[in-house]
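J.:
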Amino acid sequence: MIDPINKRRSVRSYSDKPVEKEIMDEILKAGLSAPSAHHKNPWEFIVVTNQETKEKLSMATPWSSFVRDASFIVAICGDPSSDQWVEDLSIAAQNMVIEGFANNVGSCYVQIYNIDEHNGKLPMQYVKEVLEIPDNLNVLFLLPFGYPREVLEMRSDSRLPVDKLHFEKY
Ligand SMILES: Cc1cc2nc3c(=O)[nH]c(=O)nc-3n(C[C@H](O)[C@H](O)[C@H](O)COP(=O)(O)O)c2cc1C
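Counting from 6, one number per residue, gives the positions in the sequence shown under our numbering.
1) Between residue 77 and residue 144, which are expected to be in contact by the criterion C-beta below 8 angstroms, what is the C-beta distance as a whole number of angstroms?
2) Hey, how far is the Cα of residue 54 from the Cα of residue 119?
3) Could you tell me the alpha carbon to alpha carbon distance between residue 175 and residue 64, rounded to whole angstroms?
4) Say yes only if the C-beta of residue 146 is nearer than 8 angstroms to one or more non-hydrogen atoms of ligand 1, and no if none qualify.
5) Write down the C-beta distance between residue 103 and residue 9 rounded to the nearest angstrom, noting that I regard them as a contact closer than 8 angstroms.
6) Among 31, 101, 11, 40, whose alpha-carbon lies nearest the alpha-carbon of residue 147?
7) Pull up the distance between the alpha-carbon of residue 60 and that of residue 167, whole angstroms please.
8) Is any heavy atom in ligand 1 found nearer than 8 angstroms to the beta carbon of residue 15?
9) Who are the near neighbours of residue 17 in its chain, counting only those whose CB is closer than 7 angstroms to its CB and skipping five residues on each side?
Here it is in structure tokens:
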């Protein structure tokens with residue numbers, strides 16, 4: 006397996022060292038390089054470095070608190086009028102995550118779409134208000150990026166769920 010796929014783990018603890026602008030640009034370029042159905046490019050990526058906004062985003066769901074410590078956050082948004090918006094946004098997001106790990110920058114998906122009310126508000130509505138996202142767009146994930154505070158153990162081959170593989174027929 007290529008190194009960044011092998012090294013990828015959900016990184017939820019980030020060092021104070023900011024991610025360099027050149028590396029951030031490479032991560033964003035990786036998102037923009039993703040394929041999309043009918044080449045519709047239904048994604049919109051909102052890059053957040055402002056600490057106050059990061060703090061607000063960290064309160065979006067019960068499972069998002071750590072994003073406040075990220076060097077930057079990308080809100081993965083998209084246009085649901087495209088039938089494959091979830092697929093297209095997911096592929097673009099994974100491109101960014103893998104590009105991050107190729108540069109030793111960690112990340113972790115934070116689900117926003119289809120998450121139940123938290124503090125009296127749907128997480129997607131909350132994020133849309135914080136980031137002033139137009140009504141016609143959805144927010145699928147937040148992707149926080151930062152140098153890992155600790156290097157997480159790589160997944161060992163012996164723990165791969167190989168029972169999920171089927172050859173020729175189920
Ligand atoms: C679509 C998706 C949504 C996720 N949402 C969250 C989340 O909201 N908060 C969180 O801490 N982790 C989230 N995760 C991370 C998973 O919990 C993690 O990928 C899984 O436990 C496997 O661990 P690993 O990424 O280290 O291999 C999400 C992962 C995916 C793929």
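Where a beta carbon is used, it is the ideal one built from N, C-alpha and C, also for glycine. Remember, predicted model here, so these are calculated numbers, not experimental data.
T.: Let's see:
1) The residue given as residue 77 occupies position 72 in the sequence shown. The residue given as residue 144 occupies position 139 in the sequence shown. The pair is not a contact, with the Cβ atoms about 16 angstroms apart (cut-off 8 angstroms).
2) As a first step, residue 54 must be located in the sequence shown, where it is residue number 49. As a first step, residue 119 must be located in the sequence shown, where it is residue number 114. The alpha-carbon atoms of residue 54 and residue 119 are separated by roughly 25 angstroms.
3) The residue you call residue 175 lines up with position 170 of the sequence shown. The residue you call residue 64 lines up with position 59 of the sequence shown. When rounded, the distance between both Cα atoms is 42 angstroms.
4) Position 141 of the sequence shown, counted from the start, is the residue given in the question as residue 146. Yes, since a heavy atom of ligand 1 falls inside the 8 angstroms radius drawn around the Cβ of residue 146.
5) Translated into the one-based positions of the sequence shown, residue 103 becomes position 98. Translated into the one-based positions of the sequence shown, residue 9 becomes position 4. Contact flag correct, Cβ pair sits at about 5 angstroms.
6) As a first step, residue 147 must be located in the sequence shown, where it is residue number 142. Residue 147 has its Cα closest to that of 101, out of 31, 101, 11, 40.
7) Your numbering for residue 60 matches position 55 in the sequence shown. Your numbering for residue 167 matches position 162 in the sequence shown. Their Cα atoms are separated by approximately 39 angstroms.
8) Here the question's residue 15 lines up with position 10 in the sequence shown. At least one heavy atom of ligand 1 is nearer than 8 angstroms to the Cβ of residue 15, so yes.
9) For this step, residue 17 is matched to residue 12 along the sequence shown. Excluding positions up to five away in sequence, the list reads 71, 113.
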